[in-house]
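Protein chains in written order, with my numbering: chain A, 611 to 725; chain B, -15 to 97. Even for Gly, the Cβ is constructed at its ideal location relative to N, Cα and C. Every value quoted in this text rests on a predicted model; they were computed, and no experiment measured them.
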Amino acid sequence: AQKITQTQPGMFVQEKEAVTLDCTYDTSDQSYGLFWYKQPSSGEMIFLIYQGSYDEQNATEGRYSLNFQKARKSANLVISASQLGDSAMYFCAMREGQGNNRLAFGKGNQVVVIP
Amino acid sequence: KAGVTQTPRYLIKTRGQQVTLSCSPISGHRSVSWYQQTPGQGLQFLFEYFSETQRNKGNFPGRFSGRQFSNSRSEMNVSTLELGDSALYLCASRSAGENSPLHFGNGTRLTVT
């Protein structure tokens, strides 16, 4: 069974607008971590933001914020004020338990920012 | 601080050959893991090393192996290459903090012909 689901098709976003990328997850663990990564065409995976399962506040990192709804098992990424450099694939990932490197990734969302 | 460095960036091999990929983690990171990325299967966890010991392994055949050296550098090896092994192989390192994220390298793109 898939642990991370990202089902949105490719998205075109107007520069300076906000975009929300959906992510739902499946786990029976009480302790887990959720991550968002950006992968531009160069291939490197760039860490954007982290949300722990026990964190009560939604995580924010600059223009990135995470809309964490634990009961619904969703962790949507919001990118505010989109820039051309935001064009990339975006991956949601989950780490079950703590202190390990085993992430389960979703299939990703393609975002293209247009001027 | 230098990021995760992977070499080579590109590799072309023939079916049946073997290949070794190298990864140097961020200085001070002792935990290294490897992922395979393909268009069909997406990103899949291969294995994880910490202090020269394999700590976790994904669901890949025994042809895929790895090791970590005392300086935390890691290598992964794929023997008897198959066409389906063509992929982007990503290495990541992590610091000791419980919630610390993985930091990935640029990857090695392997093409098997």
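In this structure, how does DSSP classify residue i when only helix, strand and coil are distinguished?
i, result
"GLY68(B)", "helix"
"GLY695(A)", "helix"
"LEU713(A)", "strand"
"SER11(B)", "coil"
"ALA76(B)", "strand"
"LYS683(A)", "coil"
"GLN1(B)", "coil"
"THR617(A)", "coil"
"ASN719(A)", "strand"
"SER6(B)", "strand"
"PHE88(B)", "strand"
"SER131(B)", "With chain B running from -15 to 97 in the structure shown, residue 131(B) is simply not present."
"THR(-11)(B)", "strand"
"PHE622(A)", "strand"
"THR637(A)", "coil"
Hey, how far is the Cα of residue i from the Cα of residue j?
i, j, result
"PHE29(B)", "PRO725(A)", "36 Å"
"SER63(B)", "PHE88(B)", "24 Å"
"VAL629(A)", "LEU694(A)", "13 Å"
"TYR73(B)", "LEU(-5)(B)", "11 Å"
"PHE715(A)", "ARG682(A)", "18 Å"
"ASP632(A)", "LEU27(B)", "18 Å"
"ASP665(A)", "PHE701(A)", "20 Å"
"SER77(B)", "PRO619(A)", "30 Å"
"GLN104(B)", "VAL96(B)", "The shown model of chain B, from -15 to 97, leaves out residue 104(B), and the question about it has no answer."
"MET621(A)", "ASN711(A)", "30 Å"
"CYS7(B)", "SER652(A)", "17 Å"
"PHE645(A)", "THR22(B)", "20 Å"
"VAL688(A)", "PRO85(B)", "19 Å"
"ASN686(A)", "ASP636(A)", "14 Å"
"PRO650(A)", "THR92(B)", "15 Å"
"TYR647(A)", "GLN20(B)", "15 Å"
"ASN90(B)", "SER684(A)", "29 Å"
Looking at the strands, I want to know which residues DSSP matches up with residue i.
i, result
"LEU(-5)(B)", "LEU94(B)"
"ILE689(A)", "VAL629(A) and TYR674(A)"
"LEU644(A)", "GLN661(A) and MET704(A)"
"GLN649(A)", "MET699(A)"
Looking at the secondary structure, which residues open and close the beta strand (DSSP E) in which residue i lies?
i, result
"GLU59(B)", "58 to 62"
"MET655(A)", "Segment: none, MET655(A) is in no beta strand (DSSP E) and carries neither H nor E."
"GLU32(B)", "26 to 34"
"GLN52(B)", "48 to 52"
"GLN38(B)", "37 to 41"
Would you please state the rounded distance, in angstroms, between the beta carbons of residue i and residue j? I believe it to be under 8 Å.
i, j, result
"GLY672(A)", "TYR660(A)", "GLY672(A) to TYR660(A), Cβ: 13 Å. No contact."
"SER675(A)", "SER641(A)", "At roughly 22 Å, the Cβ-Cβ gap does not stay under 8 Å, so SER675(A) and SER641(A) are not in contact."
"ASN61(B)", "SER49(B)", "5 Å"
"GLY720(A)", "MET699(A)", "It should be noted that the sequence gives Gln, not Gly, for residue 720(A). Contact holds; Cβ gap of about 6 Å."
"VAL723(A)", "GLU625(A)", "6 Å"
"LEU94(B)", "SER79(B)", "Actually they are not in contact, since the Cβ atoms of LEU94(B) and SER79(B) sit about 28 Å apart, beyond 8 Å."
"ARG(-1)(B)", "LEU67(B)", "6 Å"
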